[in-house]
Amino acid sequence: MASCTNCSAPLPHDERLCSACGYDFSSGGTIQKEDSFRPPSSGGIDHGQFVPGAMFGDRYRIVALLGKGGMGEVYRADDLKLGQPVALKLLSKALAGNEDRRQRLLGEVRVARQVAHPNVCRVYDVGDLGGEQFLTMEYIQGEDLASLLNRIGRLPKDKGIEIARQLCAGVAAAHERGILHRDLKPANIMLDERGRVRITDFGLASLAGATGNAFEGTPAYMAPEQLAGREVTIRSDIYALGLLLYEIFTGRQPFAATTVAGLREQREQKSLTDPSQIVDDLDPAVERVILRCLENDPHDRPQSAMAVAVALPGGDPLAAALAAGETPSPELLAAAGDSAGLKPAIAIPLLLVVLIASIVSLLLKSQSSLTAYVNHELPPEALSLKSREIIRALGYDEKPVDTAFGFHAAGDLFRYVRERDKSPRRWERLRNSSPAPLMFWYREANQPLAWTNFFSGRVTESDPPQMQSGMKLISLDLEGRLVSFSAVPEQVVAKPSARRIEWQPLFSAAAIDLTSLTSAEPQWVPPSFADARAAWVGKWPTGEPLRIEAAAFRGRPVYFELIGLWTRPARMQPVPVTTSEKVSQGIFLTLFGAVILGSVLIARRNLKLGKGDRRGAARIALMIFLLTLAQSLITTSHVATEYEWGILIQVAASAMIFSVFVWLLYLALEPYVRRRWPHALITWGKMLAGKLGDPLVGRDLLIGAAAGAALGLLWSVTPIVTRTLGGSTDAPRSSLLQLGGAEYSLAALLKSPAEGVTVAFVGTFLLLLFRIALRREWVAVAAILTIVVVTSVEPESLLPSLISGLTAWSLLLFVIMRFGLVATAAMVAVSDVLGDSGAVELSGWASHTFWMPLAAIAALAIAAFYKSLAGRPLFRESLLDS
692 MASCTNCSAP LPHDERLCSA CGYDFSSGGT IQKEDSFRPP SSGGIDHGQF VPGAMFGDRY
752 RIVALLGKGG MGEVYRADDL KLGQPVALKL LSKALAGNED RRQRLLGEVR VARQVAHPNV
812 CRVYDVGDLG GEQFLTMEYI QGEDLASLLN RIGRLPKDKG IEIARQLCAG VAAAHERGIL
872 HRDLKPANIM LDERGRVRIT DFGLASLAGA TGNAFEGTPA YMAPEQLAGR EVTIRSDIYA
932 LGLLLYEIFT GRQPFAATTV AGLREQREQK SLTDPSQIVD DLDPAVERVI LRCLENDPHD
992 RPQSAMAVAV ALPGGDPLAA ALAAGETPSP ELLAAAGDSA GLKPAIAIPL LLVVLIASIV
1052 SLLLKSQSSL TAYVNHELPP EALSLKSREI IRALGYDEKP VDTAFGFHAA GDLFRYVRER
1112 DKSPRRWERL RNSSPAPLMF WYREANQPLA WTNFFSGRVT ESDPPQMQSG MKLISLDLEG
1172 RLVSFSAVPE QVVAKPSARR IEWQPLFSAA AIDLTSLTSA EPQWVPPSFA DARAAWVGKW
1232 PTGEPLRIEA AAFRGRPVYF ELIGLWTRPA RMQPVPVTTS EKVSQGIFLT LFGAVILGSV
1292 LIARRNLKLG KGDRRGAARI ALMIFLLTLA QSLITTSHVA TEYEWGILIQ VAASAMIFSV
1352 FVWLLYLALE PYVRRRWPHA LITWGKMLAG KLGDPLVGRD LLIGAAAGAA LGLLWSVTPI
1412 VTRTLGGSTD APRSSLLQLG GAEYSLAALL KSPAEGVTVA FVGTFLLLLF RIALRREWVA
1472 VAAILTIVVV TSVEPESLLP SLISGLTAWS LLLFVIMRFG LVATAAMVAV SDVLGDSGAV
1532 ELSGWASHTF WMPLAAIAAL AIAAFYKSLA GRPLFRESLL DS
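Using our numbering, read the sequence shown as starting at 692 and increasing by one per residue.
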């Protein structure tokens, strides 16, 4: 007996039409309108092989014939063993002896049982009873799609979209298991009594990539490559899916040819009528996705069935672009995302985390930070006045042209204590030390104090250098006691002065009894010329050796300094750097260089290729420039001379360099992130588009603020816990600049968004570089965390440095990959605000260091909380009415 060259079904010697697939050999391939299983003819009652009530074996009782086709018959039957209805599919007797058909039946069960999905018909088992090959599958009470379309024509728009989505979901479930259906057509799509789609008949299904006869299936629903006998892939099923959607929304088949040759010609020429020419009110999105599915080139079709689903009206355009293998545009990102917002049950705890963690963090810093170890009774203005009084008492009566003041930590003292004292409470001991670990400095000069350090941008105790005649520098502890003094005498003098040197005002200002000291030979050379020197030795109040050096010129003191064992002769040697510090600096410089060089090269490449969101990059650069400029104008020391123009130019140049760096970073990483991690840019795109009130923006800001507050709390708690457990750690960091006034706290708040954006970009860019170099994302994350361990761990405070470093970077990378740039920038900004805050006291002259950061963080969190709810009420109306 001959067999069909199309589907291998047996053919009688005198028959040229395959009853299994409809292929007509006598006419060159006539397409028969053939369903897999035709329902019985309405012209009479056809019960098939078994009448209702008949038993098939000892287990199945026949209820009715559902349909028949070239492969055999399908009955509704009752499974008496399990007590549930099933569909019983019997292989026709003509094919029962065909080994190929037997294997296909087994293959159908084997393949179909791998797919478990609500939109796929479940196959239970396969068997052989008395020579009858059969399989049992889920019985679906309903109608197949072919019958429905023949009965009512096209489906209504909403129902069509609903069925199309379910159809895509079922096909996607099969494809996810690596299974190609290869015979998608209306007759193999069932609609159950609830209208739910169920894909049936996996008889021709195969594993993706498996070899076999490509020309198998129903020719009218074959892709061009399938008709040509070429390799069948997932996108061949996508083509059949497009044909199904065409019929669902138009009620017609797209191609009208009746022969295989005609179908091939129509497929190649794509001679089909656009759906919108058949249905006037068809949604353009539906037509686009149908026509894209019907592209001749498989590479031009959507990559997956899920891509088809999300491209339908109401789908996620971002997911559709990704599934289709496209890089979403910045405009698409701004329009993507679910704007439903957060539920109050999630938003309220996040808000509480921000507020509570911020308050506790600031309160702990007010008790444990460096600024908490000293007395804060005298404000800067009082200390400045005290400094001026001391200078006058030393014989300097001229009115200064310019003055400056600030606070600085006693670095030599910290270094000495760190090296000598490994006890858990070493920093608490500094509370009563002399001098105090935190000191106030005051400078005045008979000309404007013009700073030279481009990076600091302000007058410090060492910038400008103490070189010009008339310059005076004085250091006090925060109780107003003199610690050091230096003055630069006049350069030209007429004659030597016979004035008697008075050392007592220096000791009175330092609150030291001169009679308790012993004269000694001077050893320390004063920073400026002097014609008289003196020295004394004694004891600090803590019992440690004390040395005092002084010098004078023409009867007026020009140098005075209290010297302890920790005091380092700075002009004789550089600041000592440990091996771990050298390693950390080397790694930091290497990474920083890689970021700079990599951003330049990648940004240049992206610009040449026309990639990158240039408009967004320009907006971000402008924002960074304005924030940095405003912050610098507040913190920069200004002078009322023509030198101010140079200062303004330098400030603007610094802000410009910073903004250009961020611009390069964004152009380098944005196309890659938009391609690989587009969800990280959704809220970013919305913010750039001005959609600040979008619930997604509020959600990410609230999540980022919560993460930043938690990180700030960790930095405040870790030193306290470590000391409690007997470990050794430094005090939490804080910004001494904010002690200069509320304007400096404002400047810190302006700086935090720019730093948050920059750190978010740098962290993402590092992840990008390591991902490119190491190929795998998890390996890149592990490499970054390893570097953090090496660079952040300090031998004398191993545990806190390890915990804070790993936690900070782990949280940073997690937020980048899970929530995106907006949440990351918010996290860094909030943690920086909490970290830089001095948090000195809740009332008094320095209370702004507590209340201003707290108010800013609370304002951000409350605004983000309100926007994230998307208009939802905080409480159900039933609760309010109760």
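For each residue, glycine too, the CB sits at the ideal point set by N, CA and C.
If you're wondering where the values come from, they're calculated on a predicted model, not measured in any experiment.
Assuming residue i and residue j are in contact, meaning their beta carbons sit under 8 Å apart, how far apart are those beta carbons, in whole angstroms?
i            : j            : result
residue 1453 : residue 1356 : 7 Å
residue 1498 : residue 1360 : Not confirmed; about 24 Å, so no contact.
residue 1558 : residue 1384 : 6 Å
residue 808  : residue 864  : 4 Å
residue 826  : residue 816  : 7 Å
residue 1397 : residue 1051 : Residue 1397 to residue 1051, Cβ: 14 Å. No contact.
Measuring alpha carbon to alpha carbon, tell me which of the options ends up nearest residue i.
i            : options                : result
residue 890  : 944, 920, 806          : 806
residue 884  : 873, 833, 1336         : 833
residue 814  : 822, 779, 843, 1152    : 779
residue 1475 : 1457, 1467, 1463       : 1457
residue 1148 : 1378, 1234, 1339, 1317 : 1339
residue 958  : 1374, 817, 918         : 918
residue 1451 : 1515, 1100, 1311       : 1515
residue 1146 : 1349, 1496, 1362, 1523 : 1349
residue 1151 : 1563, 1090, 1329       : 1329
residue 938  : 955, 981, 1142         : 981
residue 1312 : 1168, 875, 1351        : 1351
residue 857  : 811, 831, 1526         : 811
residue 1517 : 1448, 1459, 1525       : 1448
residue 1331 : 1172, 1305, 1140       : 1140
residue 913  : 989, 1537, 1395, 1482  : 989
residue 1213 : 1226, 1202, 1220, 1201 : 1226
residue 755  : 1088, 830, 821         : 830
Could you check where the beta strand (DSSP E) with residue i kicks off and where it finishes?
i            : result
residue 1253 : 1247–1254
residue 828  : 823–829
residue 1096 : 1093–1100
residue 1215 : Note, residue 1215: premise wrong, no beta strand (DSSP E); not H, not E.
residue 890  : 888–890
residue 1162 : Residue 1162 -> no beta strand (DSSP E), and no H or E assigned at all.
residue 1447 : Unbroken run through residue 1447 is the alpha helix (DSSP H), 1433–1465; no beta strand (DSSP E).
residue 881  : 880–883
residue 1239 : 1236–1244
residue 779  : 775–782
Less than 6 Å between C-beta atoms, sequence neighbours within five positions excluded: which residues of the same chain meet that for residue i?
i            : result
residue 1222 : 1244
residue 1440 : 1547
residue 1238 : 1228, 1254
residue 1434 : 1325
residue 1292 : none
residue 1393 : 1041, 1555, 1556, 1559
In chain order, what residues of the same chain lie with their CB nearer than 8 Å to the CB of residue i, ignoring the 5 residues before and after it?
i            : result
residue 750  : 770, 771, 772
residue 732  : Interpretation of residue 732 is limited by its pLDDT of 47, a score under 50 that renders its predicted location unreliable; no figure is taken from the coordinates.
residue 1553 : 1042
residue 1494 : 1405, 1409
residue 753  : 741, 742, 743, 744, 745, 746, 747, 766, 767, 768, 779
residue 987  : 915, 958, 959, 961
For residue i, I'd like the list of residues in its chain whose CB is within less than 7 Å of its CB, leaving aside the five on either flank, ordered along the chain.
i            : result
residue 1565 : 1035
residue 1374 : 1387, 1388, 1391, 1511, 1513
residue 836  : 877, 880, 882
Tell me where the alpha helix (DSSP H) around residue i begins and ends.
i            : result
residue 1257 : Here residue 1257 belongs to no alpha helix (DSSP H), and DSSP marks it neither H nor E.
residue 936  : 925–941
residue 1347 : 1334–1367
residue 1322 : 1305–1326
residue 1544 : 1539–1559
residue 1200 : 1195–1201
residue 833  : No alpha helix (DSSP H) contains residue 833, which is instead part of the beta strand (DSSP E) from 833–835.
residue 873  : Neither: residue 873 is in no alpha helix (DSSP H) and is coded neither H nor E.
residue 861  : 848–867
Less than 9 Å between CB atoms is the rule here; does residue i satisfy it with respect to chain C?
i           : result
residue 740 : The question asks about chain C, but that chain is absent: this structure has only one protein chain.
* To do: Could you tell me whether the region 967–976 touches the region 945–952, using the rule of 3 or more Cβ pairs below 8 Å?
  => Between the region 967–976 and the region 945–952 there are fewer than three C-beta pairs closer than 8 Å, too few to call the two in contact.
* May I ask you to verify whether the region 1074–1082 touches the region 1159–1178, counting CB pairs closer than 8 Å and requiring at least 3? => Here the region 1074–1082 lies against the region 1159–1178, with 3 or more beta-carbon pairs under 8 Å apart.
* Is it a yes or a no for the region 987–996 touching the region 918–935, going by three-plus beta-carbon pairs under 8 Å? -> With the rule of 3 Cβ pairs closer than 8 Å, the region 987–996 counts as touching the region 918–935.
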